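Participant:
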Amino acid sequence: MVNNGGVLIQRNGSTYSGSGNSIVKKIAKLKQKDYNYWSAPVSGQNLYNFSVGTPTNFIFRYNEANDRFGTAGLNTLSVFEPGIGYAIRGKDAYSPTVPTTETFNFVGTPNNGNISVTLQKSPGEDKGYNLVGNPYPSNISFKTLASATANKNSIFNKQWLWSNLNQLKIQQGSAYAGNNYATYVGAVGGIGPTYISGSTEEIALRPSGNTRVAQGFIVQAKYNNAPLNFTNAMRATTNGGSIFYNKNEGDDEPQEPEEIVDRYWLKLINPDNIANNILIAHIAEATNNYDEDYDASLFSMGNDTFYSVMGTNKLQIQARALPISDSDVIPLAYKTSKAGNCIIALNDKDGVFKDNNKAIYLKDKVTGTVTNLQEGYYTFNSEVLTAPNDSRFEILYSNSVLAADNAATNQWVVYKQDTDWVVRGNDRINGLDLYDASAKLVRSLAGNNTSELRLSNVGLLKGLYVMKIKTGKGTVTKKLLN
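In the working numbering, each number is its position in the sequence shown, counted from 1, plus 4.
#1: Nearest CA to the CA of residue 69: which residue from 269, 225, 449, 151?
#2: Anyone know if the C-beta pair for residue 87 and residue 111 falls short of 8 Å?
#3: Counting pairs of beta carbons, one from the region 196-214 and one from the region 320-337, are three or more of them closer than 8 Å?
#4: Could you name the residues of the same chain whose beta carbon sits closer than 7 Å to that of residue 370, not counting the 5 residues immediately before and after it, in chain order?
#5: Look up residue 147 in the DSSP assignment and give the residues it is bridged to.
#6: Enumerate in chain order the residues of its own chain whose CB-to-CB distance from residue 481 is below 8 Å, with the five nearest sequence positions on each side excluded.
#7: Grab me the residues of residue 272's own chain with a C-beta within less than 6 Å of its C-beta, minus the 5 sequence neighbours each way, in chain order.
#8: Between which two residues does the beta strand (DSSP E) holding residue 446 run?
#9: Residue 196 by DSSP, collapsed to three states: which one?
#10: Where does residue 198 land, buried or exposed, given buried means 16+ other C-beta within 10 angstroms?
#11: Pop quiz: residue 137 and residue 219 are said to be a contact at Cβ under 8 Å. What is the actual Cβ separation, rounded to whole angstroms?
#12: Using a threshold of 7 Å, is the CB atom of residue 88 nearer than that to any non-hydrogen atom of the ligand MN?
#13: If residue 195 and residue 208 are in contact, beta carbons under 8 Å, what's the gap, nearest whole angstrom?
#14: Looking only at DSSP bridge pairs, what is residue 26 linked to?
#15: Of the choices 463, 465, 476, 464, whose alpha-carbon is the least far from that of residue 451?
#16: Report back the beta-carbon spacing between residue 67 and residue 74 to the nearest angstrom; my notes put them in contact at under 8 Å.
#17: Can you list, in chain order, the residues of its chain whose CB lies under 6 Å from that of residue 164, leaving out five sequence neighbours each side?
#18: Can you tell me which of the three DSSP states residue 238 falls into?
#19: Taking 8 Å as the limit between beta carbons, can you name the residues of its chain near residue 390, skipping five residues before and five after?
#20: Which full runs of the beta strand (DSSP E) of 3+ residues lie inside the region 325-358, going along the chain?
#21: Taking 8 Å as the threshold (C-beta atoms), are residue 92 and residue 39 in contact?
#22: With distances taken between CB atoms, is the gap from residue 150 to residue 190 smaller than 8 Å?
#23: Report the residue from 283, 325, 290, 276 whose alpha carbon sits nearest the alpha carbon of residue 346.
#24: Go to residue 102, then tell me how far its beta strand (DSSP E) extends in each direction, as first and last residue.
#25: From what residue to what residue does the beta strand (DSSP E) around residue 289 run?
#26: Hey, would you say residue 332 sits closer than 8 Å to residue 401, going by beta carbons?
#27: Residue 308: buried (16+ other C-beta within 10 angstroms of its C-beta) or exposed?
#28: If you run the structure through DSSP and keep just helix, strand and coil, what is residue 40?
#29: Tell me whether residue 383 sits in a helix, a strand or coil according to DSSP, three-state version.
#30: Mapping the DSSP letters down to three states, classify residue 364 as helix, strand or coil.
#31: Going by beta carbon distance, what residues of the same chain come within less than 7 Å of residue 460, once the five residues before and after it are set aside?
#32: Would you give the residue range spanned by the beta strand (DSSP E) that residue 163 belongs to?
#33: What is the DSSP secondary structure of residue 129, reduced to helix, strand or coil?
#34: Given this structure, state the Cα-to-Cα distance separating residue 483 from residue 435, to the nearest angstrom.
#35: Quick check on DSSP: helix, strand or coil for residue 70?
#36: Can you find the residues in the same chain that come closer than 7 Å, C-beta to C-beta, to residue 105, ignoring five residues on each side of it along the sequence?
Written out as structure tokens, the structure reads:
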């Protein structure tokens with residue numbers, strides 16, 4: 005018997021030959037409509053006898069071709085296939101609002117040795133997602149799994165783990181608009197799902213390098229019929245690792261410490277305390293372009309979203325090159341479902357960022373405000389955004405970049421004259437944009453290729469405004485008080 009949190013390590017590849025079946029116990033915490041991604045650590049466990057009380061039409065496999073869950077091919081004789089993940093709903097007897105803690109038993113022969121799964125990939129860059137799982141009664145290292153010679157050409161170096169932290173929406177495939185997935189990238193790090201700040205924190209939800217016993221997870225295949233090979237060499241000898249992803253709050257099981265990486269996590273908190281995190285990491289293997297094995301795009305675009313931008317890529321995890329360049333500029337984007345004050349803050353940090361040795365400047369290009377997030381968070385006002393704003397914020401590492409911006413700004417003056425703002429500088433003006441304190445565009449004026457332009461302030465309310473001066477050498481930001 006292997007109790008919850010325990011591991012069984014088998015040193016050779018032979019099949020267990022003892023008498024009787026083994027039992028591997030796993031504790032899960034579920035509400036009635038919650039799902040868990042399960043994977044059996046034993047062979048012979050009947051699929052429909054595992055969670056008695058869950059309707060059989062809510063026990064699913066994942067269909068890669070249409071990005072949906074289904075029951076095709078499953079029946080009362082079906083058993084858990086080694087290395088395959090299954091989505092199983094909570095039992096009818098569970099409360100729909102309060103999680104029930106229950107011990108689930110896997111009964112059968114412990115899986116051991118080499119196990120191979122064939123992955124599917126339909127045409128298209130957004131295809132190839134397969135629900136697989138840890139096939140052993142011990143934790144496995146995802147980094148070792150993804151980097152193994154037999155696998156590195158089969159899957160991308162990323163895994164996605166389902167949590168039940170957020171309200172489940174009746175959506176699948178491309179229509180899914182939530183963010184219940186935690187993401188892990190080997191050698192880079194992990195990021196937790198969307199959460200309510202104050203009720204739990206992302207650090208407690210963040211995946212690390214080891215995948216727990218009975219855990220199902222999603223990988224993306226690089227080509228159709230790609231083999232995913234599990235071996236005993238991938239099995240971890242300790243019970244530390246990521247949390248077991250099924251709970252409605254942080255797990256109290258120990259987590260395995262990760263290697264030190266120069267990285268930091270940022271969080272955006274909206275007026276309803278809905279929080280999203282991103283990870284920026286500098287590693288030797290990465291470039292400052294999109295790296296398919298080290299950068300992770302948003303798995304889904306939620307109603308509240310936060311990500312870093314690299315070209316056309318919307319990244320939840322961005323890996324950048326070493327050494328860290330003081331000239332780095334990292335654009336950020338966000339979307340919020342609630343108008344009001346939002347917060348961007350430093351959530352966690354490692355390596356050179358750990359002891360405040362390396363500044364992390366957040367620049368608000370609308371207000372011109374620059375904040376060192378090592379010293380405190382930044383609060384800003386936003387209207388409801390149904391489409392992401394990817395032009396307002398950026399991360400900088402050096403005062404020299406800011407000094408160059410300030411020098412350009414100081415070459416321009418804006419002053420009131422009667423009912424106008426007069427803008428004057430040393431370059432031609434291509435146009436003016438005026439924003440209120442919530443970053444809403446309230447007035448715009450085309451340029452006339454001269455170095456002076458007037459913008460009327462008639463009808464504007466009293467308060468703070470931000471003017472964007474579009475010049476032949478770039479955009480200059482000025483704060484104005486009406």
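Every residue gets a Cβ at the ideal spot worked out from N, C-alpha and C, and that includes glycine.
All figures in this text were calculated on a predicted structure; none of them were measured in a lab.
Facilitator: This is what the structure holds:
#1: Locating residue 69 in the sequence shown gives position 65, where the first residue counts as 1. Ranking 269, 225, 449, 151 by Cα distance to residue 69 puts 225 first.
#2: Indexing the sequence shown from 1 puts residue 87 at position 83. Indexing the sequence shown from 1 puts residue 111 at position 107. No, they are not a contact pair.
#3: no
#4: For this step, residue 370 is matched to residue 366 along the sequence shown. Cβ within range, chain order: 396, 439, 443, 470.
#5: Within the sequence shown, the letter at position 143 stands for residue 147. Answer is none; residue 147 lacks a bridge partner.
#6: Reading the sequence shown from its first residue, position 477 is the one you call residue 481. Taken in chain order, the residues that qualify are 369, 370, 371, 372, 413, 470, 471, 472, 473.
#7: By 1-based counting over the sequence shown, the position of residue 272 is 268. Only 280, 310, 338, 348 meet the Cβ criterion.
#8: One-based indexing of the sequence shown puts residue 446 at position 442. Run containing residue 446: 445-450, per the beta strand (DSSP E) assignment.
#9: Counting from one through the sequence shown, the residue named residue 196 turns up at place 192. Three-state DSSP puts residue 196 in coil, outside helix and strand.
#10: Locating residue 198 in the sequence shown gives position 194, where the first residue counts as 1. Residue 198 comes out buried.
#11: Within the sequence shown, the letter at position 133 stands for residue 137. Within the sequence shown, the letter at position 215 stands for residue 219. At roughly 6 Å, the Cβ-Cβ gap stays under 8 Å, so residue 137 and residue 219 are in contact.
#12: In the structure on display, the ligand MN does not appear, and there are no ligands present to speak of.
#13: For this step, residue 195 is matched to residue 191 along the sequence shown. For this step, residue 208 is matched to residue 204 along the sequence shown. Actually they do not touch by this definition, with Cβ atoms about 13 Å apart.
#14: If you number the sequence shown from 1, residue 26 lands on position 22. Note: residue 26 sits in a beta bridge opposite 112.
#15: As a position in the sequence shown, residue 451 is number 447, starting the count at 1. Taking only the C-alpha atoms, the option nearest residue 451 is 476.
#16: Working through the sequence shown from its first residue, we reach residue 67 at position 63. Working through the sequence shown from its first residue, we reach residue 74 at position 70. Correct: roughly 5 Å between the Cβ atoms.
#17: Taking the first residue of the sequence shown as 1, we reach residue 164 at position 160. Answer for residue 164: 185, 187, 222, 303, listed in chain order.
#18: What you label residue 238 is simply residue 234 of the sequence shown in a count that begins at 1. Looking at residue 238 - three-state DSSP - the assignment turns out to be helix.
#19: Counted from its first residue, the sequence shown places residue 390 at position 386. Cβ neighbours of residue 390 beyond the five flanking positions: 339.
#20: 333-339, 344-354
#21: Your numbering for residue 39 matches position 35 in the sequence shown. Your numbering for residue 92 matches position 88 in the sequence shown. Yes, these two residues count as a Cβ contact at 8 Å.
#22: The residue given as residue 150 occupies position 146 in the sequence shown. The residue given as residue 190 occupies position 186 in the sequence shown. Against a cut-off of 8 Å, the Cβ pair of residue 190 and residue 150 comes out as a contact.
#23: Your numbering for residue 346 matches position 342 in the sequence shown. The candidate whose alpha carbon is nearest that of residue 346 is 276.
#24: Your numbering for residue 102 matches position 98 in the sequence shown. Looking at the DSSP string, residue 102 is not in any beta strand (DSSP E), and its letter there is neither H nor E.
#25: To locate residue 289, count along the sequence shown from 1; it is residue 285. Element bounds for residue 289: n/a, residue is neither H nor E.
#26: Along the sequence shown, read from residue 1 onward, the residue named residue 332 stands at position 328. Along the sequence shown, read from residue 1 onward, the residue named residue 401 stands at position 397. Their beta carbons are under 8 Å apart, which means residue 332 touches residue 401 by this criterion.
#27: Taking the first residue of the sequence shown as 1, we reach residue 308 at position 304. Burial call: buried.
#28: Locating residue 40 in the sequence shown gives position 36, counting from the first residue. Note: residue 40 maps to strand in three-state DSSP.
#29: For the purposes of this step, residue 383 is taken as the residue at position 379 of the sequence shown. Correct three-state label for residue 383: strand.
#30: The sequence position of residue 364 within the sequence shown is 360, counting from 1. In the structure shown, residue 364 sits in coil (DSSP, three-state: anything other than H, G, I, E or B).
#31: Residue mapping note: residue 460 aligns to position 456 of the sequence shown, counting from 1. Once the five neighbours on either side are set aside, the close Cβ partners of residue 460 are 423, 424.
#32: Position 159 of the sequence shown, counting from 1, holds the residue named residue 163. Looking at the DSSP string, the run of the beta strand (DSSP E) that includes residue 163 is 162-166.
#33: As a first step, residue 129 must be located in the sequence shown, where it is residue number 125. Looking at residue 129 - three-state DSSP - the assignment turns out to be coil, as it is neither helix nor strand.
#34: In the sequence shown, residue 483 corresponds to position 479, counting from 1. In the sequence shown, residue 435 corresponds to position 431, counting from 1. C-alpha separation (whole angstroms): 16 Å.
#35: As a working note, residue 70 is residue 66 in the sequence shown. Reduced to three states, the DSSP call for residue 70 is coil.
#36: What you label residue 105 is simply residue 101 of the sequence shown in a count that begins at 1. Contacts found: 31, 33.
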